[in-house]
Amino acid sequence: MGKKVIAVIGAGGFIGKAVSRELGKSHEVIGTSVHNPEGRFHCDITKKGSVKDFISGHKPDVVIHLAALTDVDLCERDKARARRIHVDGTRNLVDACKSLAPRFVYFSTDFVFDGRKGNYSEADATNPINNYGKTKLEGEKLAEALPGHLIVRTSTPYSLGPGSKKFLGILLEKLSRGEKATAFADFIRSPTLIENLAENVGALVSNGHSGVLHVTGDSQLSMYDAALQVADVFGFDPSLVQKTTSSSVSLGAPRPLDTGMNVSLARKLGLNIISFREGLLKVKKQARG
Ligand SMILES: NC(=O)c1ccc[n+]([C@@H]2O[C@H](COP(=O)([O-])OP(=O)(O)OC[C@H]3O[C@@H](n4cnc5c(N)ncnc54)[C@H](OP(=O)(O)O)[C@@H]3O)[C@@H](O)[C@H]2O)c1
40 MGKKVIAVIG
50 AGGFIGKAVS
60 RELGKSHEVI
70 GTSVHNPEGR
80 FHCDITKKGS
90 VKDFISGHKP
100 DVVIHLAALT
110 DVDLCERDKA
120 RARRIHVDGT
130 RNLVDACKSL
140 APRFVYFSTD
150 FVFDGRKGNY
160 SEADATNPIN
170 NYGKTKLEGE
180 KLAEALPGHL
190 IVRTSTPYSL
200 GPGSKKFLGI
210 LLEKLSRGEK
220 ATAFADFIRS
230 PTLIENLAEN
240 VGALVSNGHS
250 GVLHVTGDSQ
260 LSMYDAALQV
270 ADVFGFDPSL
280 VQKTTSSSVS
290 LGAPRPLDTG
300 MNVSLARKLG
310 LNIISFREGL
320 LKVKKQARG
């Protein structure tokens, strides 16, 4: 595969950093950011002109669109802002890409499902129950207008890399201080190691698969069971992990209960899909190294 010019939109985010690092090994990566410059190009996707100038100026072979408002509760409180980023922003990118026709990879989420079924495959009907999921799904529909589009749905990203203030980072911090940590027993998720996700995105950039694809880890487990596995792998006292359920707390936005993702298609395409335990062991090795 030849060296490509790859535009990573949202390169300063949690997944964007890992994707840029991985793809930068064999391609020219042009990363964008709004608040997190660090050598990246400024591109606010809500500004049509800014997006057009960026795409026509760099003429990327591939555009990976990771820009989003990932605070699910904020998306519920500020619906207009979520729409501006997920819907108007995606439309601006899609429009800017129409004549150039790069491979277009849109990052989406398990939250496009209502969480009543679980083990969701790409063929299952979507039915988001919060504004984050609804607007991300609208973004999917816009991305579908581009030939050669790929919609990567992922779930519950984890890593100890930069920006790891998601569940793993927070949990390990508490357990290492000997503090109790609560975890929802009624949220079933498919946690995804971001370095593994980035490797799989690298493989997808060059294969011609188009349409929707679930790219997650292959363990569908409750966040409580996930937290117990973390304690086990990292050698912390499992009794520090306390079971709770989502009905016992007030969340700003409703959350789907079971968004376990079926990754059979990703496996069939030859992607490297790993279990949660395998992912945790890799993180532990990295942390030691
Ligand atoms: N986090 C999750 O739990 C999760 C789960 C499933 C799927 N996803 C999807 O995966 C993708 C990446 O998520 P993430 O966790 O890496 O998100 P993140 O850490 O919150 O980063 C979001 C990125 O979007 C950029 N951004 C926000 N507003 C923008 C705008 N107006 N114009 C251009 N860029 C803008 C941010 O730029 P700055 O760096 O400049 O602020 C940041 O780089 C998203 O599409 C998300 O929906 C995430």
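Numbering-wise (this note's numbering), the sequence shown opens with residue 40 and increments by one.
We put the beta carbon where it would ideally sit given N, CA and C, even for glycine.
Taking C-beta atoms as the reference points, Thr129 and His104 count as a pair closer than 8 angstroms. Among the bridge pairs identified by DSSP, Gly70 is matched with Val47. For Val73, the distance from the CB to the nearest heavy atom of ligand 1 is below 7 angstroms. In this structure, Ser289 has its beta carbon at no less than 7 angstroms from each heavy atom of ligand 1. Our two residues, Gln325 and Lys219, have alpha carbons roughly 25 angstroms apart in a direct line. Listed in chain order, the non-local C-beta contacts of Cys114 below 6 angstroms within the same chain comprise Leu108, Ala121, Asn170 and Tyr171, local neighbours out to five positions each way being set aside.
Pairwise C-beta distances place the region 175-190 in contact with the region 244-255, as three or more of them are shorter than 8 angstroms. Gln268 and Gly88 have their C-alpha atoms spaced approximately 47 angstroms apart.
In this structure, Lys42 and Ser65 form a Cβ contact; the two beta carbons are roughly 7 angstroms apart against a cut-off of 8 angstroms.
Here Ile94 is buried: its Cβ has 16 or more other Cβ atoms, across all protein chains shown, within 10 Å. Annotation for Thr221 indicates a beta carbon at 7 angstroms or more from all heavy atoms of ligand 1.
Arg294 sits buried, since 16 or more C-beta atoms from the chains shown fall within 10 Å of its C-beta.
Short of 7 angstroms from the beta carbon of Thr165, and not among the five residues preceding or following it, lie these beta carbons of its own chain, in chain order: Val151, Phe152 and Leu176.
In the DSSP annotation of this structure, the continuous segment of the alpha helix (DSSP H) that includes Thr129 starts and ends at Gly128 to Cys136. According to DSSP, residue pairing for Thr283 in a beta bridge involves Phe223.
With fewer than 16 other CB atoms across the displayed protein chains lying within 10 angstroms of its CB, Pro76 is exposed. Per the C-alpha coordinates, the member of Val272, Ile48, Ser261 and Thr284 positioned closest to Phe146 is Ile48. His188 sits in a strand when the DSSP states are folded into three classes. Proximity of the beta carbon of Pro196 to ligand 1 is indicated: a heavy atom of the ligand is located closer than 7 angstroms. Taking Gln281 as the centre and dropping the five residues before and after it, the same chain places the C-beta of Lys219, Ala220, Thr221 and Ala222 closer than 8 angstroms to its C-beta, in chain order. With fewer than three CB-CB distances shorter than 8 angstroms, the region 207-216 does not count as touching the region 156-165.
In terms of Cα proximity to Ser278, the closest of Gly154, Leu304, Ala266 and Thr284 is Ala266. With respect to Leu304, Ala242 sits apart: the two C-beta atoms are not nearer than 8 angstroms.
For Asp225, the Cβ stays outside the 7 angstroms cut-off from all heavy atoms of ligand 1. For Lys173, the distance from the CB to the nearest heavy atom of ligand 1 is not below 7 angstroms.
Checking the 7 angstroms criterion, the Cβ of Ala107 is within range of a heavy atom belonging to ligand 1. By alpha-carbon distance to Thr195, the top candidate from Asp225, Gly256 and Gly217 is Gly256.
According to DSSP, Leu252 shares a beta bridge with Val191.
Judged by their CB atoms, Ser258 and Ser198 are not nearer to each other than the 8 angstroms cut-off.
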